[in-house]
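Below is one structure; the comments refer to it alone.
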Amino acid sequence: MNSSPAVSTGVRPFDLVFVSHPSIVHAVFDYAEHFGVASFPERLTAATERLEDARAAIVAARREQKRRYDARRALLPSIHVGDRVFVHLGDRPIPGTVGSKLDARKSGPFVVEEVLSPHRVRLSLPAGVAVDPVMNIEQLDLVPTDPDPFALDRAGTPPPDPVPGSPSVCASPPFGPAVHPDLTDAPDFAPLSSARARRPPLGLRDFDLGTLAATDPELEAALRGPLARPRSMVVDGRSVRLTERPVAYISRLTTPGEQKFVASELELSCLAWAYSKLAHLLEGASVTVITDHSPMEKMLQSQNAVHYGPTIS
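What follows is the structure, encoded as structure tokens:
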């Protein structure tokens, strides 16, 4: 322990206690000091600077520990009847409030209806909020009573469209009458440029998967069954040549951990991996799985809640 650096100081205790602490190699094999060793005053000066650095590190660590201690034992906020508070949705979820990652993680503000204790209050919630109105003060945030410094900048933005019955709708400041400039005195502006033409994505990351539906009964029958040889047919007045290209993959046991897997489980994992890699080509097409393991058919057609094999995304 004495030869390991401390977390607070970053220095070994031996380096602080002893002026000079040689390593184990020099202490065992070197009987005499070499000529490059500095004098004792230089070593004493280095030890003094080392102690000053350790003392400064300890003071900074104690200051951070005191800040965390005071934050955990801060006085309870003084909440009175009529105060407005926000509810932390992470600590007290409200159903139907958060719909996406960009939604606010606070709901309100709500008015405090009753103070039950220094730790609990009762809020005046709308009729559509199906939660207990009694909440802990650790789940609430007081609305600041100071004037909003951004009120003038926010007055020019239009208010959001209110949703009836939504608990997250906040009151917006009233807006004055809109002043429209005279359009006859407006200067002539250049016409807007045409919108940029949409181009297909360069990669396959933003493609949309669809379902291929054959309207021709003859084409649907040809796509459903296996094609032993290429077949030519006319579809919508065009000559189409149908060719079957099987997807081959090799499942080998390479590690001792994989050798413990069941063969059908490993083959199912390989099949899921191959399908995920070729999903943009196989979507909507009839796929025939040829395997030498009899449980594979039952595993693919299983309706149980148990998922075979690992989840591959």
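Take the sequence shown: its letter number 112 is residue 1144 in my numbering, and every next letter is one higher.
Note that beta-carbon positions come from the ideal geometry of N, C-alpha and C, so glycine has one too.
The structure presented is a predicted model; accordingly, all values stated were derived computationally and were not measured.
Subject >> S1271, buried or exposed, once every other Cβ within 10 Å from all chains shown has been counted against 16 >> reply: Residue 1271 sits at position 239 when you count from the first residue of the sequence shown. Label assigned to S1271: exposed.
**OP:** Please name the residue in G1269, L1259 and V1267 whose C-alpha comes closest to that of S1318.
**Re:** Counting from one through the sequence shown, the residue named residue 1318 turns up at place 286. Among G1269, L1259 and V1267, the Cα nearest to that of S1318 belongs to L1259.
Subject >> For L1215, three-class secondary structure by DSSP >> reply: Looking up residue 1215 in the sequence shown gives position 183. Any reading at L1215 is ruled out, since the residue's pLDDT is 47, under 50, leaving its predicted position unreliable.
Subject >> Rounded straight-line distance, which links the Cα of E1170 to that of P1037 >> reply: Locating residue 1037 in the sequence shown gives position 5, where the first residue counts as 1. Locating residue 1170 in the sequence shown gives position 138, where the first residue counts as 1. Note on geometry: alpha-carbon atoms of P1037 and E1170 lie some 39 angstroms from one another.
**OP:** Use the C-beta contact count for L1134: other C-beta atoms within 10 angstroms, 16 or more gives buried, fewer gives exposed.
**Re:** Your numbering for residue 1134 matches position 102 in the sequence shown. By the neighbour-count criterion, in which a residue is buried when 16 or more other Cβ atoms sit within 10 angstroms of its Cβ, L1134 is exposed.
**OP:** Taking only the alpha-carbon atoms, compute the straight-line gap between P1262 and I1322 and give it to the nearest angstrom.
**Re:** Locating residue 1262 in the sequence shown gives position 230, where the first residue counts as 1. Locating residue 1322 in the sequence shown gives position 290, where the first residue counts as 1. Each residue's Cα considered, the two are about 20 angstroms apart.
**OP:** Mind checking who L1155 pairs with in its DSSP beta bridge?
**Re:** As a position in the sequence shown, residue 1155 is number 123, starting the count at 1. V1144, per the DSSP bridge assignment.
**OP:** Identify every residue that forms a DSSP beta bridge with S1271.
**Re:** Position 239 of the sequence shown, counting from 1, holds the residue named residue 1271. Beta-bridge partners of S1271 (DSSP): V1266.
**OP:** List the DSSP bridge partners of D1173.
**Re:** Along the sequence shown, one-based indexing puts residue 1173 at 141. In the DSSP assignment, the residues bridged to D1173 are F1118.
Original post:
Do G1140 and R1116 come within 9 angstroms of each other at the CB atom, strictly closer than that value?
Top reply: Locating residue 1116 in the sequence shown gives position 84, where the first residue counts as 1. Locating residue 1140 in the sequence shown gives position 108, where the first residue counts as 1. Against a cut-off of 9 angstroms, the Cβ pair of G1140 and R1116 comes out as a contact.
**OP:** Please say whether L1157 and A1136 have beta carbons closer to each other than 9 angstroms?
**Re:** Taking the first residue of the sequence shown as position 1, residue 1136 is located at position 104. Taking the first residue of the sequence shown as position 1, residue 1157 is located at position 125. Not in contact: A1136 and L1157 (Cβ atoms no closer than 9 angstroms).
**OP:** Report yes if the C-beta distance between E1084 and V1113 is below 9 angstroms; otherwise report no.
**Re:** For the purposes of this step, residue 1084 is taken as residue 52 along the sequence shown, with counting starting at 1. For the purposes of this step, residue 1113 is taken as residue 81 along the sequence shown, with counting starting at 1. No, the pair does not count as a contact, with Cβ atoms beyond the cut-off.
Subject >> Coil, strand or helix - V1166 by DSSP >> reply: By one-based count along the sequence shown, residue 1166 stands at place 134. In this structure, V1166 counts as strand in the three-state DSSP scheme.
Original post:
Which residues share a DSSP beta bridge with S1139?
Top reply: One-based indexing of the sequence shown puts residue 1139 at position 107. Answer is V1119, bridged to S1139.
Original post:
In whole angstroms, what is the alpha-carbon distance linking V1266 and L1255?
Top reply: For the purposes of this step, residue 1266 is identified with residue 234 of the sequence shown, where counting begins at 1. For the purposes of this step, residue 1255 is identified with residue 223 of the sequence shown, where counting begins at 1. Their backbone Cα atoms lie some 14 angstroms apart in a straight line.
Original post:
Is it a yes or a no for the region 1039 to 1051 touching the region 1086 to 1104, going by three-plus beta-carbon pairs under 8 angstroms?
Top reply: Yes: the two stretches touch, three or more of their Cβ pairs being nearer than 8 angstroms.
Original post:
Nearest CA to the CA of P1176: which residue from F1046, F1118, T1080 and C1302?
Top reply: Numbered from 1 along the sequence shown, position 144 holds the residue referred to as residue 1176. Ranking the options by Cα distance to P1176, first place goes to F1118.
**OP:** Out of T1129, P1150, L1048 and R1100, point me to the one whose CA is closest to G1160's CA.
**Re:** As a working mapping, residue 1160 is identified with position 128 in the sequence shown. Nearest to G1160 by C-alpha distance, out of T1129, P1150, L1048 and R1100, is T1129.
Original post:
Is the beta carbon of R1082 sitting closer than 9 angstroms to the one on L1048?
Top reply: Counted from its first residue, the sequence shown places residue 1082 at position 50. Counted from its first residue, the sequence shown places residue 1048 at position 16. Contact flag set, yes.
Original post:
Beta carbon of M1167, beta carbon of L1184: below 9 angstroms?
Top reply: One-based indexing of the sequence shown puts residue 1167 at position 135. One-based indexing of the sequence shown puts residue 1184 at position 152. For the pair M1167 and L1184, the CB atoms are not nearer than the 9 angstroms cut-off.
**OP:** With a 10 Å radius around its C-beta and 16 neighbouring C-beta atoms as the bar for buried, classify L1313 as buried or exposed.
**Re:** Here the question's residue 1313 lines up with position 281 in the sequence shown. The Cβ neighbour count for L1313, taken over all protein chains shown within 10 Å, is under 16; the residue is labelled exposed.
**OP:** Following the continuous alpha helix (DSSP H) through L1255, name the residue where it begins and the one where it ends.
**Re:** On the sequence shown, position 223 is the one that residue 1255 refers to. From DSSP, the alpha helix (DSSP H) with L1255 extends over P1249 to R1256.
Subject >> Proximity winner among W1305, R1075, E1276 and D1164, relative to P1125 (alpha-carbon distances) >> reply: For the purposes of this step, residue 1125 is taken as residue 93 along the sequence shown, with counting starting at 1. Nearest of W1305, R1075, E1276 and D1164 to P1125, Cα basis: D1164.
Original post:
So, is F1142 buried or exposed, given that buried needs 16 or more other C-beta atoms within 10 angstroms?
Top reply: Position 110 of the sequence shown, counting from 1, holds the residue named residue 1142. Buried, since its Cβ has 16 or more Cβ neighbours within 10 Å.
Original post:
From P1213 to R1099, what does the alpha carbon distance come to, in whole angstroms?
Top reply: Counting from 1 along the sequence shown, the entry for residue 1213 is found at position 181. Counting from 1 along the sequence shown, the entry for residue 1099 is found at position 67. Any reading at P1213 is ruled out, since the residue's pLDDT is 49, under 50, leaving its predicted position unreliable.
**OP:** Consult DSSP for K1133 and reduce its assignment to one of helix, strand or coil.
**Re:** As a working note, residue 1133 is residue 101 in the sequence shown. Coil.
Original post:
Taking the C-alpha atoms as reference points, what is the distance between E1315 and S1301?
Top reply: Residue mapping note: residue 1315 aligns to position 283 of the sequence shown, counting from 1. Residue mapping note: residue 1301 aligns to position 269 of the sequence shown, counting from 1. Just so you know, the alpha carbons of E1315 and S1301 end up roughly 19 angstroms apart.
Original post:
In three-state terms, what does DSSP make of P1001?
Top reply: Nothing can be reported for residue 1001, as the shown portion of the chain is limited to 1033 through 1345.
Original post:
In angstroms, rounded to a whole number, what distance separates the CA positions of L1108 and Y1101?
Top reply: Here residue 1108 refers to the residue found at position 76 of the sequence shown. Here residue 1101 refers to the residue found at position 69 of the sequence shown. So the alpha carbons of these two residues sit roughly 15 angstroms apart.
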